[in-house]
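Q:
Protein chains in written order, with the working numbering: chain S, 4 to 116; chain U, 14 to 127.
(1) Taking the alpha-carbon positions, what's the residue 47(S) to residue 66(U) distance?
(2) Pull the bridge partners of residue 57(U) from the DSSP assignment, please.
(3) Pull up the DSSP beta-bridge partners for residue 106(U), would you.
(4) The region 47-73 of chain U: which residues have C-beta closer than 9 Å to a C-beta of chain S, in chain order?
(5) So is residue 50(S) in contact with chain U if we call contact Cβ pairs under 8 Å?
(6) Can you find a C-beta in chain S that's less than 8 Å from the C-beta of residue 116(U)?
(7) For residue 17(S), count the other beta carbons within 10 Å of its own beta carbon; 16 or more makes it buried, fewer makes it exposed. Which is it?
(8) By the criterion of Cβ-Cβ separation under 8 Å, what are the contact partners of residue 64(S) in chain U?
(9) Answer yes or no: does any C-beta atom of chain S fall closer than 8 Å to that of residue 119(U)?
(10) Under DSSP, the beta strand (DSSP E) around residue 37(U) begins and ends at which residues?
(11) Shortest alpha-carbon distance to residue 51(S) belongs to which of 20(U), 113(U), 43(U) and 78(U)?
(12) How many angstroms separate the CA atom of residue 80(S) from the CA atom of residue 32(U)?
(13) Sorted by chain position, which residues of the same chain lie with C-beta nearer than 6 Å to residue 125(U)'s C-beta, five sequence neighbours on each side aside?
(14) So, with DSSP's three-state summary, where would you put residue 102(S)?
In structure tokens:
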């Protein structure tokens with residue numbers, strides 16, 4: 004079975020500070036992991052994904068995530084927060100059949116000017 | 014943005030009434046999904062379709078039914094709406110059933126059952 008845990012439902016950072024959003028997964032098969040971002044009143048947009056190969060994955064808007072199998076983690080980072088990064092972020096793992104994503108409960112990011 | 018249109022975008026309905034939400038895609042993707050989003054739960058899968066007339070249940074399918082008569086349309090029906098079905102509903106599409114492909118999401122439908 005697959006599941007995802009996002010630690011911290013709310014994270015606040017100052018503009019220009021490091022963004023770190025945590026995601027741990029549980030998977031009985033090699034995981035495929037995704038980060039999505041949701042801006043207010045919008046759908047989810049893919050930030051990045053890990054499938055195979057390089058464990059450091061770069062995404063859009065300066066975000067990146069590192070797959071660490073030993074820690075069962077896929078944390079999302081950005082070196083310098085921008086006001087436009089304020090949004091809800093979801094980590095997800097793909098089910099073994101490919102027909103379902105298992106989402107975390109989300110982390111709301113606030114950027115303080 | 015992927016060509017996904019959800020309608021309506023907002024709806025208020027009374028308990029016990031039937032409600033149908035529509036998802037229309039222009040991408041010719043085979044796989045379509047309905048999720049609901051609730052605070053503290055993230056997104057949970059209601060039903061999905063892997064082709065015309067081919068559908069299957071997700072983890073929260075009770076009280077919902079779906080139909081897909083054309084590749085481009087996937088309908089979600091609440092036979093008799095309840096207050097517990099107040100939620101934001103998202104349609105998603107994928108062009109492949111493999112686990113390493115991402116889904117693309119619509120803008121969502123906010124449903125309130127009073």
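Every residue, glycine too, gets a C-beta built ideally from N, C-alpha and C.
A: Judging by the given coordinates:
(1) For the purposes of this step, residue 47(S) is taken as residue 44 along the first chain, with counting starting at 1. For the purposes of this step, residue 66(U) is taken as residue 53 along the second chain, with counting starting at 1. The alpha-carbon atoms of residue 47(S) and residue 66(U) are separated by roughly 26 Å.
(2) Position 44 of the second chain, counting from 1, holds the residue named residue 57(U). Partner(s): 49(U).
(3) Mapped onto the second chain, residue 106(U) falls at position 93. BP columns for residue 106(U) point to 45(U) and 117(U).
(4) 48, 50, 52, 53, 54, 55, 56, 57, 58, 61, 63, 69, 71 and 72
(5) For this step, residue 50(S) is matched to residue 47 along the first chain. It does not: the Cβ of residue 50(S) has no partner Cβ on chain U nearer than 8 Å.
(6) On the second chain, residue 116(U) is found 103 positions in, with the first residue counted as 1. By this cut-off, residue 116(U) is an interface position.
(7) In the first chain, the residue the question calls residue 17(S) occupies position 14. So residue 17(S) ends up on the exposed side.
(8) Locating residue 64(S) in the first chain gives position 61, counting from the first residue. The contacting residues do not exist; residue 64(S) stays about 16 Å from chain U at best.
(9) Locating residue 119(U) in the second chain gives position 106, where the first residue counts as 1. Yes - at least one Cβ of chain S is within 8 Å of the one on residue 119(U).
(10) Here residue 37(U) corresponds to residue number 24 of the second chain, with the count starting at 1. Unbroken beta strand (DSSP E) run through residue 37(U): 32-38.
(11) For this step, residue 51(S) is matched to residue 48 along the first chain. Checked all of 20(U), 113(U), 43(U) and 78(U); the closest Cα to residue 51(S) is 113(U).
(12) Indexing the first chain from 1 puts residue 80(S) at position 77. Indexing the second chain from 1 puts residue 32(U) at position 19. Roughly 41 Å separates the two Cα atoms.
(13) Here residue 125(U) refers to the residue found at position 112 when the second chain is read from its first residue. Within the same chain, residue 125(U) has close Cβ partners 25 and 99.
(14) Indexing the first chain from 1 puts residue 102(S) at position 99. Looking at residue 102(S) - three-state DSSP - the assignment turns out to be coil, as it is neither helix nor strand.
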